[in-house]
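Position 296 of the sequence shown, counting from 1, maps to 303 under the working numbering, and the rest follow consecutively.
Before any comments, here is the structure.
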Amino acid sequence: MVALLDLPDFYKTVHDITLDLIKTPSIVATQGEGRIALKIMNILKASPYFQKHPDNLWLVDVPGGPWPKYTVMALVEGEKNRSSQTVVLLGHIDTVRVEDFGTLKYYAFNPKGLVRHFSSLNIGGDVKEDLDSGKYMFGRGSVDMKSGVAAHMAVLMYLSEIAEGFSGNVLLAATPDEEDMSSGAIAALDELFRLKKERGFEYIALINADYTSPLYPGDDHRYVYLGTVGKLLPSFFIAGRETHVGQCFEGFDPNLLAAELTRLFDMNTDLCDEVEGEVTLPPVSLKQRDLKELYDVQIPFAAQCYYNFFTHSRSPEDIMKLCKEIARKAFVNVITTMEQKRHHYYDKANMPYHPVSYEPLVCFYHEFYRKVISKHPELISNLEALNENLLQDPNIDLREHSLRIVEEVWKHSEEFNNRIPLIIVYFSSAFNARVHIKGEKPSEVRLIDAVKKAVGEITQKTSDNISIRKFFPYISDMSIFGISDTPEEIEILKCNMPAWGKKYFLDTEKIRAINIPMVNIGPYGKDAHKMFERVEMNYSFRIVPQLIFMCISNLLL
Numbered sequence: 008m009v010a011l012l013d014l015p016d017f018y019k020t021v022h023d024i025t026l027d028l029i030k031t032p033s034i035v036a037t038q039g040e041g042r043i044a045l046k047i048m049n050i051l052k053a054s055p056y057f058q059k060h061p062d063n064l065w066l067v068d069v070p071g072g073p074w075p076k077y078t079v080m081a082l083v084e085g086e087k088n089r090s091s092q093t094v095v096l097l098g099h100i101d102t103v104r105v106e107d108f109g110t111l112k113y114y115a116f117n118p119k120g121l122v123r124h125f126s127s128l129n130i131g132g133d134v135k136e137d138l139d140s141g142k143y144m145f146g147r148g149s150v151d152m153k154s155g156v157a158a159h160m161a162v163l164m165y166l167s168e169i170a171e172g173f174s175g176n177v178l179l180a181a182t183p184d185e186e187d188m189s190s191g192a193i194a195a196l197d198e199l200f201r202l203k204k205e206r207g208f209e210y211i212a213l214i215n216a217d218y219t220s221p222l223y224p225g226d227d228h229r230y231v232y233l234g235t236v237g238k239l240l241p242s243f244f245i246a247g248r249e250t251h252v253g254q255c256f257e258g259f260d261p262n263l264l265a266a267e268l269t270r271l272f273d274m275n276t277d278l279c280d281e282v283e284g285e286v287t288l289p290p291v292s293l294k295q296r297d298l299k300e301l302y303d304v305q306i307p308f309a310a311q312c313y314y315n316f317f318t319h320s321r322s323p324e325d326i327m328k329l330c331k332e333i334a335r336k337a338f339v340n341v342i343t344t345m346e347q348k349r350h351h352y353y354d355k356a357n358m359p360y361h362p363v364s365y366e367p368l369v370c371f372y373h374e375f376y377r378k379v380i381s382k383h384p385e386l387i388s389n390l391e392a393l394n395e396n397l398l399q400d401p402n403i404d405l406r407e408h409s410l411r412i413v414e415e416v417w418k419h420s421e422e423f424n425n426r427i428p429l430i431i432v433y434f435s436s437a438f439n440a441r442v443h444i445k446g447e448k449p450s451e452v453r454l455i456d457a458v459k460k461a462v463g464e465i466t467q468k469t470s471d472n473i474s475i476r477k478f479f480p481y482i483s484d485m486s487i488f489g490i491s492d493t494p495e496e497i498e499i500l501k502c503n504m505p506a507w508g509k510k511y512f513l514d515t516e517k518i519r520a521i522n523i524p525m526v527n528i529g530p531y532g533k534d535a536h537k538m539f540e541r542v543e544m545n546y547s548f549r550i551v552p553q554l555i556f557m558c559i560s561n562l563l564l
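Below, the structure is given as structure tokens:
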């Protein structure tokens with residue numbers, strides 16, 4: 008295709024498209040998601056290739072939400088030799104909200120205005136240094152990840168100009184809703200499956216362009232990632248025993264158990280998942296609450312908590328077993344502590360002490376469900392009706408939907424009737440598959456070689472310290488296009504996720520049928536999802552698109 012010395016300079020094109028996209032607000036779950044898709048369509052429509060081949064540029068309707076939103080699909084077909092081999096370029100076009108900007112939120116999509124206002128603030132550290140350097144573009148979506156989408160668009164448009172120089176296809180999928188439920192990526196997956204069936208496309212690689220950042224203070228590396236971290240949300244329904252505060256030792260406070268669970272899980276680095284020297288971040292608490300809705304002097308009857316778990320090698324079953332083990336430990340700790348306090352109180356009050364015995368009852372949702380259904384088969388129809396009612400309420404999200412189902416099953420149980428404290432372990436949020444590129448398959452070896460060659464060639468002409476790692480460390484849409492868990496492992500996930508097939512749908516077998524080897528070559532910046540979000544322009548606007556281009560060249564030449 009193009010020799011290293013003849014690599015195009017994408018800087019201005021990527022800069023201008025990035026600026027244009029930032030200025031088009033596209034906060035997740037707003038009308039902006041639809042508007043930015045149309046903006047991207049209009050930019051691509053202006054190129055001679057798509058004027059000549061209008062059918063190669065199309066929108067895919069994405070379901071969900073009160074406003075229309077779309078995944079943008081753009082296809083450039085190589086003309087050197089017709090081939091079914093296809094490289095997919097993936098990027099999301101939505102952003103998180105802007106409340107973190109405070110009074111400056113109206114400038115969140117105005118990079119120049121932000122720089123002007125930030126310059127008047129008394130800020131220090133690397134934000135001040137980066138601001139003064141002039142090397143960064145600030146703004147919501149600058150690094151996560153409109154500059155990445157802009158890089159893909161620039162490369163795609165360049166490829167359209169030299170289509171006679173390569174074989175195969177390059178297919179862009181620009182997706183909404185990545186910051187929530189990945190419905191845009193799921194719509195793109197359906198399109199890839201359709202094109203595979205109708206046109207015989209063979210997907211040899213997926214290049215994502217999500218953001219990259221320093222992994223530790225002072226880190227000057229620029230990272231390329233083969234594969235991606237997985238994410239699960241193990242959740243805990245905790246049933247206590249209610250009582251009046253004036254008789255507190257006659258009850259079992261679920262808040263104590265929730266607090267102990269959080270103590271054992273939250274930021275516990277012993278629970279990190281390590282593969283090939285790369286380590287996930289530890290579990291983090293995302294919610295802990297009791298289920299009392301109004302104030303009274305009765306202790307709560309139940310509580311809920313859930314924790315983010317990143318995975319490199321662990322399956323859903325591995326996570327469930329680990330969570331059950333730790334939940335039982337938490338239960339034993341609380342039972343022991345409560346009994347010590349009870350004993351101490353009665354001694355202090357000069358009253359006779361009578362020990363209370365509790366069993367640390369911890370069960371998986373599917374075990375508990377089957378036990379209850381075996382005695383109350385009428386619950387099946389009750390749950391169907393409850394699911395329908397929950398689906399009618401737009402304010403009930405996936406986590407709350409799952410909780411309501413678990414709670415309903417519990418209320419039909421012997422444990423509820425006998426006020427037996429227990430913990431039910433389940434999953435309650437979208438599944439992000441881990442993808443481990445081991446280099447054991449020819450398709451993986453081909454991608455690894457292409458990436459290593461591209462990085463090696465580009466590092467000859469840049470001072471940037473580019474490093475290749477195994478797992479993209481943040482949640483991303485890449486998980487919709489590849490999977491390392493087996494069908495049996497996924498079945499464990501499904502039967503322990505109450506909302507699966509009700510409010511949450513993911514065709515894991517379709518993912519398995521596509522299962523594309525993947526790499527993330529994305530922009531570099533700092534403070535994604537924060538007020539000072541910014542993208543470093545030289546690497547992101549010049550080197551990243553060249554890396555993407557060289558990787559495609561190595562695959563399709």
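Yeah, the Cβ is synthetic: ideal placement off N, Cα and C, and Gly gets one too.
Remember, it's a predicted structure, so these values are computed and weren't measured experimentally.
Query                                                                                                                                                                                     : Result
Does the separation of the CB atoms of F488 and I455 fall below 7 Å?                                                                                                                      : no
Give the single residue among D197, N545 and A334 whose Cα lies nearest to the Cα of D68.                                                                                                 : D197
Taking all protein chains shown into account, do 16 or more other C-beta atoms lie within 10 angstroms of the C-beta of I130, making it buried, or fewer, making it exposed?              : exposed
With a cut-off of 8 Å on the beta carbons, I'd call I34 and T110 a contact; round off their distance for me.                                                                              : With a Cβ gap of about 18 Å, I34 and T110 do not count as contacting.
Below 8 Å CB to CB, which residues in the same chain sit around E414 once its five sequence neighbours on both sides are set aside?                                                       : F244, L298 and A309
Compute the Euclidean distance between the alpha carbons of A180 and E186, then round it to the nearest angstrom.                                                                         : 16 Å
State the start and end residues of the unbroken beta strand (DSSP E) segment that holds G98.                                                                                             : Q92 to H99
Is it true that the region 489-507 meets the region 448-464, where meeting means three or more beta-carbon pairs spaced less than 8 Å apart?                                              : no
Within a Cβ cutoff of 8 Å, which residues of the same chain sit near L12, ignoring the five residues on either side of it in sequence?                                                    : Note on L12: pLDDT 47, under 50, position unreliable in the model; the coordinate value appears next. Answer for L12: no residue qualifies.
Taking a contact to mean a Cβ-Cβ separation below 7 Å, would you say K477 touches L213 in this structure?                                                                                 : no
Go through its chain and collect everything with a Cβ distance to R104's Cβ below 6 Å, but skip five positions before and after it.                                                       : I34
Suppose contacts are defined by Cβ-Cβ distances below 7 Å. Is A334 in contact with E267 by that definition?                                                                               : no
Should V21 go down as buried or exposed, given a rule of 16 or more other Cβ atoms within 10 Å for buried?                                                                                : buried
Give the range of the beta strand (DSSP E) segment to which A535 is assigned.                                                                                                             : Looking at the DSSP string, A535 is not in any beta strand (DSSP E), and its letter there is neither H nor E.
Identify, in the order they occur along the chain, each residue of the same chain with its Cβ nearer than 6 Å to the Cβ of S420, setting aside the five sequence neighbours on each side. : V379
Compare the beta carbon distance of K153 and T25 with 7 Å and say whether it is the shorter of the two.                                                                                   : yes
Which whole runs of the alpha helix (DSSP H) in the region 134-219 are 4 residues long or more, in chain order?                                                                           : 154-168 and 190-206
Would you identify the three-state DSSP class for G237, choosing helix, strand or coil?                                                                                                   : strand
Between the Cα of A81 and those of A53, P75, A440 and V462, spot the shortest distance and give me the residue it belongs to.                                                             : A53
E249 and Q295: beta carbons closer than 7 Å?                                                                                                                                              : no
On the DSSP bridge assignment, give the partners of I528 in chain order.                                                                                                                  : V231
If we count the other Cβ atoms within 10 Å of its Cβ and call it buried at 16 or more, is F149 buried or exposed?                                                                         : Here the sequence assigns Ser to residue 149, which means Phe is not the residue at that position. That one is buried.
Report the rounded CA-to-CA distance for D471 versus K135, giving the unit in angstroms.                                                                                                  : 22 Å
At which residues does the beta strand (DSSP E) containing S292 begin and terminate?                                                                                                      : V291 to D297
Rounded C-beta distance between R441 and G237? I'm assuming under 8 Å.                                                                                                                    : 3 Å
Go through the region 240-274 residue by residue and report every complete run of the beta strand (DSSP E) that reaches 3 residues or more, in order.                                     : 241-246
Classify K348 as buried or exposed, calling it buried when 16 or more other Cβ atoms lie within 10 Å of its own Cβ.                                                                       : exposed
Do H443 and S491 come within 7 Å of each other at the CB atom, strictly closer than that value?                                                                                           : yes
In angstroms, rounded to a whole number, what distance separates the CA positions of N439 and S483?                                                                                       : 8 Å
Counting C-beta neighbours from all protein chains within 10 Å, is the total for N561 16 or more, i.e. buried, or is it exposed?                                                          : buried
Which residues does DSSP pair with A81 in a beta bridge?                                                                                                                                  : L64 and L179
Just reading off the alpha helix (DSSP H) that A309 is part of, what are its end residues?                                                                                                : No alpha helix (DSSP H) contains A309, which is instead part of the beta strand (DSSP E) from A309 to T318.
Three-state secondary structure (DSSP) at W3?                                                                                                                                             : The requested residue 3 is not part of the displayed model; the chain covers only 8 to 564.
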